[in-house]
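K.L.:
This is the structure, below, for whatever I ask next.
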Amino acid sequence: MTDMSYAPTRTQSPTTKLVLRFILYILLGVFALFYLMPLFVMITTSLKSLDEIRTGDLVSLPREVTFDAWRTAWSGACTGIQCEGMRPYFLNSLLIAIPAVLISTIIGALNGYVVAQWKFKGANIFFALLLFGCFIPFQVVLLPMAIVLGKLGISGTIPGLIFVHVIYGLGFTTLFFRNYYVSIPSELTKAAKVDGAGFFRIFWSIFLPLSLPIIVVSVIWQFTQIWNDFLFGVSFSQAGTQPVTVALNNIVNSTTGVKEYNVDMAAAIIAALPTLLVYVVAGKYFIRGLTAGSVKG
Amino acid sequence: MSPILEVKNLYKNYGSTEVLKDINVSIEKGDFLVLVGPSGCGKSTLLNCIAGLEPITGGDMFIDGQNMTNVSPKDRDIAMVFQSYALYPTMTVAKNITFGMKVRGIDQATQDAKLKYVSTQLQIEPLLHRKPGQLSGGQRQRVAMGRALVRDPKLFLFDEPLSNLDAKLRVEMRTEIKALHQRLGASMVYVTHDQIEAMTLATKIVVMKGGIIQQIGTPAEIYNRPANLFVADFMGSPAMNLIPAKTKVNGKGMQIEIARKDADPIVLTDKRNTDLPENVIIGVRPEDIVDAALARTDDTQQADCLIDIVEPAGADTFAVMQLGGKHVTARLHAETTAAAGTAQRLAFDLGKVSYFEPETGLRLN
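Protein chains in written order, with the working numbering: chain A, 44 to 340; chain B, 1088 to 1452.
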């Protein structure tokens, strides 16, 4: 989008312009370096041997690149008494995140469709309460949730964690879809009703095909939330069902003796990789989806 | 034979607000009913009630003799064209048109045949594989019509279908809709706020205001014999002149006196309407006030009037003057000699005059 209101009022000499440009780029470069520094340190450290870390400089490049730390982090590092690395927990996180993202997105889409296009008595109150649910701090629901999971017989299991994340994600996914569907003229629903289509038919044939940008938003948001979640993961899991965030914490905190920084760094990068990947793949849809509702005529 | 659409004592409330009050309308097969009125008069709500898209608060609705009051839209055998066209954005034109048939499980061969027939009728064959986003306003309009036509329903409903088009296209499509109606002999209900659209298309007009029907009649009835001041003012462009006047009985008939500023009152004599109260509002269409020299009939009465403004409009020239404290428009010949600030001899034709009671606004004659 171009800023139409911009109108140059002063004319500057080409030299001044060049100097200002130069300063601007220098500043931008400095900021970029500043933000990239931690990632740089993590990557270089993970590629160094322990000896080199002890003797060398924090920000220097590795003299000798070794992937030992990555191998250990993936399949050998100890989380408490087990020494299987991140691998089983990474798998747990995938088993939790993928179904939870899909289920909460589908239900959120249906909820949003109902609240935006099939107004029923009390629809606004229903939506307000759902929104309220978005802003309840995690800590508040821990105990009641533990009781509910116990009653359902799924405490400490992966389905239990999926359940928790679906419930907690619904507020946001409903909000996303509701705001997106509100901008779709209600005449579309009316036309489809006259054409003879029912509730699910209209959703499936007309609304869902329009929803790609907002589905991407919902998936990115939910995946990031669920993948990065620590509190629910640590509260509602037991040995064998812990997600990757909990495992990372255990690896970093439960080492005895020498602290293996290179392994810690590699493990941290492994834990962060999927969310990074999701942003890289679908990031451009994310911005488009977030602004779509507000700009579309 | 029962009427194709019959609305009986229909009421519609939103909460405690009454949007429609005691609506009674019925039309025969082949009728073109136009619901017309200013925005917020409830005409679109009434159409939505007929379609079944809005539940009604009281009353009954019959389509072709069957009580449809509590029947869902899809089972009413209706098709509807919306103001925004409401084309399904992700489907091609062909899919848009056949969606209704697909939902109803009609076989592919019939779908193809009907699609072909309708697209030929509306000349949209070259567009069939495009998405609605790639069409112009007029093309979208045609596709929306196609989606309704392909259903071949008992009743067509149109919700201000032309109001998003530019002026020229609107007139073209208006003619096309009228031609379509004549060709198909279909029954249609059409909502508009444009009284010219109402006059040109309708076989029957319903004028509404504030959720109440003001008058039902043929275009000629509505135009020539408006039931009250609102209808008189709303229908017709330029609007009917509504001038306060005093009446007196004299030997030849009713003497009607219209006051003027800085001049003697104009006195007209009406021989046919002789039973009027003392104070009335007299309604005269602009075309019934013409150049005296060019008057068509002998049955006119002439007066000199001071012209304030002259507005040439091509085929006619409109002259505006002050009579009875109101702006009064006369429809003069294009080559009139009238000029602003000068007096012109005008002829008043009382053949189609209307009288209204000033307090209630109701028609007197």
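Cβ coordinates follow ideal geometry from the N, Cα and C atoms, glycine included.
According to DSSP, simplified to helix, strand and coil, what is Phe-83(A)?
P.N.:
What you label residue 83(A) is simply residue 40 of the first sequence in a count that begins at 1. Here Phe-83(A) sits in helix by DSSP.
K.L.:
Can you give me the C-alpha to C-alpha distance between Ser-1206(B) and Phe-1169(B), rounded to a whole angstrom?
P.N.:
On the second sequence, residue 1206(B) is found 119 positions in, with the first residue counted as 1. On the second sequence, residue 1169(B) is found 82 positions in, with the first residue counted as 1. Looking at the two C-alpha atoms, the distance is approximately 19 angstroms.
K.L.:
Mind checking whether Met-1327(B) and Ala-1314(B) have CB atoms under 7 angstroms apart?
P.N.:
Within the second sequence, the letter at position 240 stands for residue 1327(B). Within the second sequence, the letter at position 227 stands for residue 1314(B). Their beta carbons are not under 7 angstroms apart, which means Met-1327(B) does not touch Ala-1314(B) by this criterion.
K.L.:
Where do the N-terminal and C-terminal ends of the alpha helix (DSSP H) with Lys-1255(B) fall, by residue?
P.N.:
For this step, residue 1255(B) is matched to residue 168 along the second sequence. Looking at the DSSP string, the run of the alpha helix (DSSP H) that includes Lys-1255(B) is 1254-1271.
K.L.:
For Ile-1299(B), collect the residues of the same chain with a Cβ closer than 7 angstroms to its Cβ; drop the 5 residues on either side in sequence, then sort them by chain order.
P.N.:
Against the second sequence, residue 1299(B) aligns to sequence position 212. Excluding positions up to five away in sequence, the list reads Lys-1108.
K.L.:
Return helix, strand or coil for Arg-1450(B), following the three-state DSSP convention.
P.N.:
Position 363 of the second sequence, counting from 1, holds the residue named residue 1450(B). In this structure, Arg-1450(B) counts as strand in the three-state DSSP scheme.
K.L.:
Thinking C-alpha only, which one of Ala-1307(B), Gly-1411(B) and Tyr-1175(B) is nearest Pro-1219(B)?
P.N.:
On the second sequence, residue 1219(B) is found 132 positions in, with the first residue counted as 1. Nearest of Ala-1307(B), Gly-1411(B) and Tyr-1175(B) to Pro-1219(B), Cα basis: Tyr-1175(B).
K.L.:
Short of 8 angstroms in beta carbon distance, which residues of its chain neighbour Val-1336(B), apart from the five on each side in sequence? Order them along the chain.
P.N.:
Along the second sequence, read from residue 1 onward, the residue named residue 1336(B) stands at position 249. Closer than 8 angstroms at Cβ, skipping near neighbours: Gln-1342 and Thr-1361.
K.L.:
What three-state label does DSSP hand Thr-1305(B) in the structure shown?
P.N.:
Numbered from its first residue, the second sequence carries residue 1305(B) at position 218. Under the three-state reduction of DSSP, Thr-1305(B) is assigned to coil, being neither helix nor strand.
K.L.:
Counting along the chain, where does the alpha helix (DSSP H) carrying Tyr-1175(B) start and finish?
P.N.:
The residue labelled residue 1175(B) in the question sits at position 88 within the second sequence. Run containing Tyr-1175(B): none; DSSP gives neither H nor E here.
K.L.:
Hey, is Val-1070(B)'s beta-carbon within less than 7 angstroms of any beta-carbon in chain A?
P.N.:
Because chain B here runs from 1088 to 1452, residue 1070(B) falls outside it and cannot be looked at.
K.L.:
What alpha helix (DSSP H) runs, 4 residues minimum, are completely inside the region 222-256 of chain A?
P.N.:
229-237 and 242-245
K.L.:
Using a C-beta cutoff of 7 angstroms, does Pro-57(A) count as contacting chain B?
P.N.:
Position 14 of the first sequence, counting from 1, holds the residue named residue 57(A). Pro-57(A) does not count as touching chain B.
K.L.:
Examine chain A for any beta-carbon lying closer than 7 angstroms to the beta-carbon of Leu-1242(B), and answer yes or no.
P.N.:
As a position in the second sequence, residue 1242(B) is number 155, starting the count at 1. By this cut-off, Leu-1242(B) is not an interface position.
K.L.:
Just reading off the alpha helix (DSSP H) that Gln-1342(B) is part of, what are its end residues?
P.N.:
The residue labelled residue 1342(B) in the question sits at position 255 within the second sequence. Looking at the DSSP string, Gln-1342(B) is not in any alpha helix (DSSP H); the run it does join, the beta strand (DSSP E), is 1340-1345.
K.L.:
I want to verify the contact list: residues of chain B whose CB lies under 9 angstroms from the CB of Ile-249(A), in sequence order.
P.N.:
Translated into the one-based positions of the first sequence, residue 249(A) becomes position 206. Per Cβ cutoff of 9 angstroms: Tyr-1175, Pro-1176, Thr-1177, Met-1178 and Phe-1186.
K.L.:
Along chain A, in chain order, which residues have C-beta atoms closer than 7 angstroms to that of Pro-1219(B)?
P.N.:
Along the second sequence, read from residue 1 onward, the residue named residue 1219(B) stands at position 132. Chain A residues near Pro-1219(B): none, gap ~11 angstroms exceeds 7 angstroms.
K.L.:
For the region 1283-1292 of chain B against the region 1143-1150 of chain B, are there 3 or more C-beta pairs whose distance is under 8 angstroms?
P.N.:
no
K.L.:
Report, in whole angstroms, the separation of the C-beta atoms of Ala-310(A) and Ala-120(A), which I expect to be a contact under 8 angstroms.
P.N.:
As a working note, residue 310(A) is residue 267 in the first sequence. As a working note, residue 120(A) is residue 77 in the first sequence. Right, their Cβ atoms sit about 6 angstroms apart.
K.L.:
When the distance is taken between beta carbons, is Pro-1160(B) closer than 7 angstroms to Leu-1140(B)?
P.N.:
Walking along the second sequence from the start, residue 1140(B) turns up at place 53. Walking along the second sequence from the start, residue 1160(B) turns up at place 73. Yes.
K.L.:
Whole angstroms is fine: what's the gap from Leu-341(A)'s alpha carbon to Leu-253(A)'s?
P.N.:
Any property of residue 341(A) remains undetermined from this structure, which presents chain A solely from 44 to 340.
K.L.:
So, helix, strand or coil for Thr-1104(B), using DSSP?
P.N.:
One-based indexing of the second sequence puts residue 1104(B) at position 17. Residue state, collapsed to three classes: strand.
K.L.:
Consult DSSP for Asn-1280(B) and reduce its assignment to one of helix, strand or coil.
P.N.:
Mapped onto the second sequence, residue 1280(B) falls at position 193. Per the sequence presented here, residue 1280(B) reads as His, with Asn not at that position. Coil.
K.L.:
Listed from N- to C-terminal order along the chain, which residues in the region 1310-1336 of chain B have their beta-carbon within a distance smaller than 9 angstroms of any beta-carbon of chain A?
P.N.:
Along the region 1310-1336 of chain B, there is no position whose C-beta sits under 9 angstroms from a C-beta of chain A.
K.L.:
Within 10 Å of its beta-carbon, does Leu-1437(B) have 16 or more other beta-carbons around it, so buried, or fewer, so exposed?
P.N.:
For the purposes of this step, residue 1437(B) is taken as residue 350 along the second sequence, with counting starting at 1. Around the beta carbon of Leu-1437(B), a 10 Å sphere encloses 16 or more other beta carbons of the protein chains shown; the residue is thus reported as buried.
K.L.:
Going by other Cβ atoms of all chains shown within 10 Å of its Cβ, with 16 needed for buried, is Thr-59(A) buried or exposed?
P.N.:
Along the first sequence, one-based indexing puts residue 59(A) at 16. Under this definition Thr-59(A) is an exposed residue.
K.L.:
In angstroms, rounded to a whole number, what distance separates the CA positions of Arg-97(A) and Val-144(A)?
P.N.:
Taking the first residue of the first sequence as position 1, residue 97(A) is located at position 54. Taking the first residue of the first sequence as position 1, residue 144(A) is located at position 101. Computed Cα separation, rounded: 42 angstroms.
K.L.:
Would you kindly report the start and end of the unbroken beta strand (DSSP E) that includes Asp-1436(B)?
P.N.:
As a position in the second sequence, residue 1436(B) is number 349, starting the count at 1. Counting along the chain, Asp-1436(B) sits inside the beta strand (DSSP E) bounded by residues 1430-1436.
K.L.:
Do Thr-1279(B) and Val-1397(B) have their CB atoms nearer than 7 angstroms?
P.N.:
Here the question's residue 1279(B) lines up with position 192 in the second sequence. Here the question's residue 1397(B) lines up with position 310 in the second sequence. No, Cβ-Cβ distance for Thr-1279(B) and Val-1397(B) is not below 7 angstroms.
K.L.:
With a 10 Å radius around its C-beta and 16 neighbouring C-beta atoms as the bar for buried, classify Phe-1321(B) as buried or exposed.
P.N.:
Taking the first residue of the second sequence as 1, we reach residue 1321(B) at position 234. Phe-1321(B) comes out buried.
K.L.:
Within the same chain, show all residues whose beta-carbon is closer than 6 angstroms to that of Glu-1374(B), passing over the 5 residues directly before and after it, in chain order.
P.N.:
By 1-based counting over the second sequence, the position of residue 1374(B) is 287. Cβ within range, chain order: Arg-1418.
K.L.:
Where do the N-terminal and C-terminal ends of the alpha helix (DSSP H) with Met-188(A) fall, by residue?
P.N.:
Position 145 of the first sequence, counted from the start, is the residue given in the question as residue 188(A). From DSSP, the alpha helix (DSSP H) with Met-188(A) extends over 181-195.
K.L.:
Judging by CA-CA distance, which residue of Val-1371(B), Leu-1202(B) and Leu-1410(B) is the nearest neighbour of His-1216(B)?
P.N.:
Within the second sequence, residue 1216(B) is the residue found at index 129, counting from 1. Closest option to His-1216(B), Cα to Cα, is Leu-1202(B).
K.L.:
Skipping 5 residues on each side, what residues in its chain have a beta carbon closer than 7 angstroms to that of Ala-116(A)?
P.N.:
For the purposes of this step, residue 116(A) is identified with residue 73 of the first sequence, where counting begins at 1. Taken in chain order, the residues that qualify are Gly-128, Met-129, Val-306, Ala-309, Ala-310 and Ile-313.
K.L.:
When the cut-off is 7 angstroms and only beta carbons count, does Phe-1435(B) lie next to chain A?
P.N.:
Within the second sequence, the letter at position 348 stands for residue 1435(B). No, because no Cβ of chain A sits closer than 7 angstroms to the Cβ of Phe-1435(B).
K.L.:
Between the beta-carbon of Glu-1344(B) and the beta-carbon of Pro-1331(B), is there less than 7 angstroms?
P.N.:
Locating residue 1344(B) in the second sequence gives position 257, counting from the first residue. Locating residue 1331(B) in the second sequence gives position 244, counting from the first residue. For Glu-1344(B) and Pro-1331(B), no; Cβs fall outside 7 angstroms.
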